[in-house]
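Trainee: This is the structure, below, for whatever I ask next.
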Amino acid sequence: GRKVKKIMVGTNLTSVVEFILLGFSDLHNFQGFLFGIFLIIYVSILIGNGLIILVTKVFRALHTPMYFFFGNFSFLEICYTSVTLPNILTNLWTHDRSISFLTCAIQLCFLLILGSTECLLLTVMAYDHYVTICKPLYYPLIMSHKVCVQLVVGSWTTGIPVMIGQTYHVFSLPFCDSNKLDDVFCDIFPLLKLACSDISVIEFSVYVVAVLFVMTPFILIIRSYVKIITTILKLPSNTGKYKAFSTCSSHLIVVILFFGSATITYSRPKSNNSGRTDKILSLLYTIVTPMFNPMIYSLRNKDIIEALKKLLQWLGSSSI
1 GRKVKKIMVG TNLTSVVEFI LLGFSDLHNF QGFLFGIFLI IYVSILIGNG
51 LIILVTKVFR ALHTPMYFFF GNFSFLEICY TSVTLPNILT NLWTHDRSIS
101 FLTCAIQLCF LLILGSTECL LLTVMAYDHY VTICKPLYYP LIMSHKVCVQ
151 LVVGSWTTGI PVMIGQTYHV FSLPFCDSNK LDDVFCDIFP LLKLACSDIS
201 VIEFSVYVVA VLFVMTPFIL IIRSYVKIIT TILKLPSNTG KYKAFSTCSS
251 HLIVVILFFG SATITYSRPK SNNSGRTDKI LSLLYTIVTP MFNPMIYSLR
301 NKDIIEALKK LLQWLGSSSI
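Residue 189 in full-length UniProt numbering sits at position 189 of the sequence shown; the count goes up by one each step and never skips.
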């Protein structure tokens, strides 16, 4: 196997210069197959989310707060998956699983920042649905363009200082003995397993941050939905009820997929042999959800389907 690159520091402490991402290295015969699958997933994420960004920008009918958030969310999904997927593809293609200390830190930092952005943006979208359904008359007042921009900027930036701090804490730990990360990308818990000092303070801070950026948004989303559902049930006509439900249902599916898999990953008891399951779960919320989001949103949304049809017709006619 590869030799572990380390630098001797002082007497008996060794400092890790690079990590080896074990990923799916145990599945020797499936490397090519996995490469194919991840490539298809990545391309479909880029195309699916790219199309949503395009139609929400190009078509005037979609210049509303809801689609402004959609477009931002799709852009976020492209960024979020681009932090891990190109690296996973390279590892599978070259069979070189090493990742430098700095690259690993940058990867974790971006994952955390974009992950917190995702939680906050999903909360903003739930709030938008809440105002649409529960306060329709005040909607233009409450969700003015300025407010929408502020909400999006807030979602993208709030987590930055916290997550940079979190990453700094993890990577200032002394790592010893092993540099083998049992994961497909650099994530907090696999890194903490390799640390050779007391990690209780950092573990505590991880949970505090999770409460702030995962649990709190989730509770706010649930609150919005409780109000939305009680309002919908009071609507007199069934068509009104159906229309209101279909507005929210796609967002709700995405919320359940994302928060569900993230929560299970982070709150599962960590046994020594849970590596494979953890890898699959972490792939769920970093890769699989972003792949399904454009499908979930566009298939349940008449406006986006219309816009996509127009776009395809336009592309078809201009290529003749």
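Note that the Cβ used here is the ideal one computed from N, Cα and C, for glycine as well.
Given the structure is predicted, the values throughout are model-derived calculations rather than measurements.
Between Pro136 and Phe245, what straight-line distance do the alpha-carbon atoms span, to the nearest angstrom?
Mentor: Cα to Cα, Pro136 sits roughly 15 Å from Phe245.
Trainee: Which runs of the alpha helix (DSSP H), 4 residues or longer, sit entirely within the region 157-227?
Mentor: Complete alpha helix (DSSP H) runs here, min 4: 159-171, 188-194, 200-210.
Trainee: Among Asn29, Phe101, Ile304, Phe38, whose alpha-carbon lies nearest the alpha-carbon of Leu21?
Mentor: Residue Phe101 is the option with its Cα nearest to Leu21.
Trainee: Within a Cβ cutoff of 6 Å, which residues of the same chain sit near Leu257, ignoring the five residues on either side of it in sequence?
Mentor: For Leu257, where only same-chain residues beyond five positions count, the Cβ hits under 6 Å are Thr289.
Trainee: Taking C-beta to C-beta, are Asn224 and Tyr139 nearer than 7 Å?
Mentor: The identity of residue 224 in the sequence shown is Ser, whereas the question assumes Asn. No, they are not a contact pair.
Trainee: On the three-state DSSP scale, how would you describe Leu27?
Mentor: In this structure, Leu27 counts as coil in the three-state DSSP scheme.
Trainee: For Ile99 and Asp183, what's the separation of their Cα atoms in angstroms?
Mentor: The straight-line gap from Cα to Cα measures roughly 12 Å.
Trainee: Around the C-beta of Gly154, are 16 or more other C-beta atoms found within 10 angstroms, so that it is buried, or is it exposed?
Mentor: Exposed, because fewer than 16 other Cβ atoms sit within 10 Å of the Cβ of Gly154.
Trainee: Nearest to Lys279 by CA position, among His145, Ile253, Ile264, Tyr67, is which residue?
Mentor: That would be Ile264, whose Cα lies nearest to the Cα of Lys279.
Trainee: Among Asp187, Leu281, Asp303, which residue has its Cα nearest to the Cα of Phe59?
Mentor: Of the listed residues, the one whose Cα sits closest to Phe59 is Asp303.
Trainee: What do you get for Leu62, buried or exposed, if any count of 16 or more other CB atoms within 10 angstroms of its CB means buried?
Mentor: When all chains shown are included, Leu62 counts as buried.
Trainee: Going by beta carbon distance, what residues of the same chain come within less than 6 Å of His169, once the five residues before and after it are set aside?
Mentor: Counting only Cβ-Cβ distances below 6 Å, and skipping sequence neighbours, we find Ile202.
Trainee: List, from N- to C-terminal side, the alpha helix (DSSP H) runs of 4 residues or more that fit wholly inside the region 240-300.
Mentor: The qualifying runs are 275-283, 289-299.
Trainee: Would you tell me roughly how many angstroms separate the C-alpha atoms of Ala195 and Lys57, rounded to the nearest one?
Mentor: Computed Cα separation, rounded: 46 Å.
Trainee: Over what stretch of residues does the beta strand (DSSP E) that includes Ser100 continue unbroken?
Mentor: Unbroken beta strand (DSSP E) run through Ser100: 98-100.
Trainee: Inspect the beta-carbon positions of Leu311 and Val43 and report whether they are closer than 7 Å.
Mentor: For Leu311 and Val43, no; Cβs fall outside 7 Å.
Trainee: Are there three or more Cβ pairs, one per stretch, closer than 8 Å when the region 186-195 is compared with the region 142-150?
Mentor: The region 186-195 vs the region 142-150: no contact.
Trainee: Measuring alpha carbon to alpha carbon, tell me which residue in Ile106, Ile133, Val124 is nearest Met163.
Mentor: When each option's Cα is compared against that of Met163, the closest is Ile106.
Trainee: Among the candidates Ser197, Ser319, Asp26, Leu121, whose CA atom is the shortest distance from the CA of Pro65?
Mentor: Pro65 has its Cα closest to that of Leu121, out of Ser197, Ser319, Asp26, Leu121.
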